[in-house]
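A.B. asks: Below you'll find the structure I mean.
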Amino acid sequence: MTLSRSSRAALSAVCIFTLAGCVSVRPDERFGDVRSAAAERLGPATSRVHWRLGGPEDADADGFVSGLLAQPLTADAAVQVALLRSRELQAVYEDLGVAQADLVHAGLLRNPDFAGFFRIPDRGPSGVNWNVGLDLWLDVFLVPLRKRIAGNDLDAALLRVTDAVLDKATRVRVAWHRLAADQRVLEHQRALADFGAAARDIAEQQFPLGHVPEIELARERLAAAEAAIALDQAESAARISREELGRLLDLTDGLTPWSIAANDDPVPSGDPDVEGMVTTALDRRLDLALLAREVEQQRLGLEFDRKWFLAKGSVGVETERSSEGVQSTGPHFSVELPIFHQHQAVYARREALIRQAEERLASRRGAARAEVRTAAERMALARRSLARYERVILPERRKVGQLALAEHNAMITGYPELLAAKSAEARSAIDAARAQQDYWTARAELERAMGVRVPKRAEAIVAPPAGVPSQPPPMAMPDMPGMKHP
Numbered sequence: 004m005t006l007s008r009s010s011r012a013a014l015s016a017v018c019i020f021t022l023a024g025c026v027s028v029r030p031d032e033r034f035g036d037v038r039s040a041a042a043e044r045l046g047p048a049t050s051r052v053h054w055r056l057g058g059p060e061d062a063d064a065d066g067f068v069s070g071l072l073a074q075p076l077t078a079d080a081a082v083q084v085a086l087l088r089s090r091e092l093q094a095v096y097e098d099l100g101v102a103q104a105d106l107v108h109a110g111l112l113r114n115p116d117f118a119g120f121f122r123i124p125d126r127g128p129s130g131v132n133w134n135v136g137l138d139l140w141l142d143v144f145l146v147p148l149r150k151r152i153a154g155n156d157l158d159a160a161l162l163r164v165t166d167a168v169l170d171k172a173t174r175v176r177v178a179w180h181r182l183a184a185d186q187r188v189l190e191h192q193r194a195l196a197d198f199g200a201a202a203r204d205i206a207e208q209q210f211p212l213g214h215v216p217e218i219e220l221a222r223e224r225l226a227a228a229e230a231a232i233a234l235d236q237a238e239s240a241a242r243i244s245r246e247e248l249g250r251l252l253d254l255t256d257g258l259t260p261w262s263i264a265a266n267d268d269p270v271p272s273g274d275p276d277v278e279g280m281v282t283t284a285l286d287r288r289l290d291l292a293l294l295a296r297e298v299e300q301q302r303l304g305l306e307f308d309r310k311w312f313l314a315k316g317s318v319g320v321e322t323e324r325s326s327e328g329v330q331s332t333g334p335h336f337s338v339e340l341p342i343f344h345q346h347q348a349v350y351a352r353r354e355a356l357i358r359q360a361e362e363r364l365a366s367r368r369g370a371a372r373a374e375v376r377t378a379a380e381r382m383a384l385a386r387r388s389l390a391r392y393e394r395v396i397l398p399e400r401r402k403v404g405q406l407a408l409a410e411h412n413a414m415i416t417g418y419p420e421l422l423a424a425k426s427a428e429a430r431s432a433i434d435a436a437r438a439q440q441d442y443w444t445a446r447a448e449l450e451r452a453m454g455v456r457v458p459k460r461a462e463a464i465v466a467p468p469a470g471v472p473s474q475p476p477p478m479a480m481p482d483m484p485g486m487k488h489p
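Take any residue in the sequence shown, note its place counting from 1, add 3, and you have its number in the working numbering.
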């Protein structure tokens, strides 16, 4: 059978349009951009992210996580575990799949509309009246604009996903340092409880002999009870902090053993330039980039609104056979007539959305400046406080404890004075642990406010003075013969 030229042309057109509609969607096509952004903003130690789509890479990620969990987790290792295990992030990654599918769909032509009718007369000799038509939509001319809008949406999704990765990293760091501090506080709080119980026992032994007044015995009993309460609170705080970090790491099933390492990271001796960090934040923060995308999206929306006549118009061809047997064929078109409204309200609404997005961006830029300066001030205060603990308070407390022990051994003072000195040393160690937590928490929040890690090259990294460990060990119970230990 030989097809006519018109039939071949029609068949070719059908094949072309059919092939144009056969597309595939790769949801992770732009996920490499997320990996690059994570490496740039989080650093090489915590930059590995993975989207679990059922490939062999899933097993590689699981093996890498197992290797990390086999050792006590540092803050960086905890962040890496969270980025690879978090179901929360896996859900966020699907936003990329949605946006990628929308982009592919935006590049497709709208399916043609086929319509027709037939009418049967109620008396002869007239025949059946029928009509068939095929319409193509004029929004084919909007495909480039639709793809720009969908591409902008995809870029916004990339920003949101990357921001979620940074937010997860910040929350993990804060939770890790909270747990590290709580565990350290718990050790010192146990020593305080031991000291309180020892002082109470001494008072109870000496009271019947008349060496201690009743009011002093009451004070020691109260102090021991309060120390026991503080110990209970410290144990509970450590358990809660561990549970919170485990939740962020998706390790709440209790089947995987894990622990954290000691916080031995040296604290910088100086602070970065604040205004330099503000400039960096205005240039690198993802929420600002996302709001800028929103402004662009609304402007593209206004351009789309102004082409309303293409969105609803159509052209086509139809064939009709009348009841008298006359057949006619010709073009068909349909457009909206702007009689009752000319889309002024639509334009006004879109222009209001543009102004709103611009004002939100300007407001957020101002807030970003304040957030960076506030976080930098908190970090600087915490650094100064921690430096005073490490350089002055802790060494002096140890010195007082050593002198108290020497006086006790020389029988100049008794057990109560020695216990008081050791208790004060333990309380200072607790305060130092909290100061260290405050510094690293403030640093993590500053990095979140900047959108990148705080550059260490702008700070001098120094270790504590000789003989002053960054994390003092828990106080040991003085050896006192005849004393009851709790």
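Positions of the beta carbon are idealized from the N, C-alpha and C atoms, including for glycine.
How far does the alpha helix (DSSP H) with Thr173 in it extend, from its first residue to its last?
C.D. replies: Unbroken alpha helix (DSSP H) run through Thr173: 146-209.
A.B. asks: Quick one: using the 10 Å Cβ neighbour count with 16 as the cut-off for buried, is Val28 buried or exposed?
C.D. replies: When all chains shown are included, Val28 counts as exposed.
A.B. asks: Along the chain, where does the alpha helix (DSSP H) containing Gln300 start, and where does it finish?
C.D. replies: Run containing Gln300: 289-308, per the alpha helix (DSSP H) assignment.
A.B. asks: Quick check on Ala466: buried or exposed, where buried means 16 or more other Cβ atoms within 10 Å of its Cβ?
C.D. replies: Residue placement at Ala466 is flagged as unreliable, the pLDDT there being 42, under the threshold of 50; the coordinate-derived value follows with that caveat. With fewer than 16 other Cβ atoms within 10 Å, it is exposed.
A.B. asks: Hey, which unbroken runs of the beta strand (DSSP E) at 3 residues or more fall wholly within the stretch 355-412?
C.D. replies: Taking only runs of at least 3 residues, no beta strand (DSSP E) segment lies wholly in the stretch 355-412.
A.B. asks: List the whole-angstrom C-beta distance separating Asp116 from Asp138, where the pair is believed to meet the contact cut-off of C-beta under 8 Å.
C.D. replies: The pair is a contact, with the Cβ atoms about 4 Å apart (cut-off 8 Å).
A.B. asks: In angstroms with no decimal places, state the Cα-to-Cα distance between Ala432 and Leu397.
C.D. replies: The alpha-carbon atoms of Ala432 and Leu397 are separated by roughly 7 Å.
A.B. asks: Are Glu246 and Thr259 close, meaning C-beta to C-beta below 9 Å?
C.D. replies: Against a cut-off of 9 Å, the Cβ pair of Thr259 and Glu246 comes out as no contact.
A.B. asks: Measure the Cβ-Cβ separation of Arg55 and Gln103 and say whether it is below 9 Å.
C.D. replies: Not a contact, by the Cβ cut-off of 9 Å.
A.B. asks: Under the rule that 16 or more other beta-carbon atoms within 10 Å means buried, what is Ser426, buried or exposed?
C.D. replies: Result: buried.
A.B. asks: What is the rounded straight-line gap between the Cα of Pro269 and the Cα of Ala62?
C.D. replies: When rounded, the distance between both Cα atoms is 35 Å.
A.B. asks: Grab the span of the alpha helix (DSSP H) containing Phe67 for me, first residue to last.
C.D. replies: Here the alpha helix (DSSP H) through Phe67 covers 60-72.
A.B. asks: Pro75 and Ala227: beta carbons closer than 9 Å?
C.D. replies: The answer is no: Cβ separation not under 9 Å.
A.B. asks: I'd like the span of the alpha helix (DSSP H) that includes Gln345, first residue to last.
C.D. replies: Gln345 -> no alpha helix (DSSP H), and no H or E assigned at all.
A.B. asks: With a 10 Å radius around its C-beta and 16 neighbouring C-beta atoms as the bar for buried, classify Glu448 as buried or exposed.
C.D. replies: With 16 or more other Cβ atoms within 10 Å, it is buried.
A.B. asks: Label Gln345 either buried or exposed according to how many other C-beta atoms from any shown protein chain fall within 10 Å of its C-beta, with 16 as the threshold for buried.
C.D. replies: Gln345 comes out exposed.
A.B. asks: Which of helix, strand or coil does DSSP assign to Glu97?
C.D. replies: In this structure, Glu97 counts as helix in the three-state DSSP scheme.
A.B. asks: Going by other Cβ atoms of all chains shown within 10 Å of its Cβ, with 16 needed for buried, is Ala461 buried or exposed?
C.D. replies: Its pLDDT being 44, under 50, Ala461 is placed unreliably in this model, and the value from its coordinates should be taken loosely. Looking at its Cβ environment, which holds fewer than 16 other Cβ atoms inside 10 Å, Ala461 is exposed.
A.B. asks: Please state if the CB of Gln440 and the CB of Ala183 are separated by a distance shorter than 9 Å.
C.D. replies: Taking 9 Å as the Cβ cut-off, Ala183 and Gln440 qualify as a contacting pair.
A.B. asks: What does the alpha-carbon distance come out to for the pair Glu361 and Val298?
C.D. replies: Answer to the nearest angstrom: the Cα atoms are 6 Å apart.
A.B. asks: By the 10 Å Cβ neighbour count, where 16 or more other Cβ atoms means buried, how is Ala436 classified, buried or exposed?
C.D. replies: Looking at its Cβ environment, which holds 16 or more other Cβ atoms inside 10 Å, Ala436 is buried.
A.B. asks: Measuring CB atoms only, is the stretch 384-396 touching the stretch 160-170, in the sense that at least three cross pairs come out at less than 8 Å?
C.D. replies: Touching, no, given that fewer than three Cβ pairs across the two stretches are closer than 8 Å.
A.B. asks: Helix, strand or coil for Gly454? Go by DSSP, reduced to three states.
C.D. replies: Reduced to three states, the DSSP call for Gly454 is coil.
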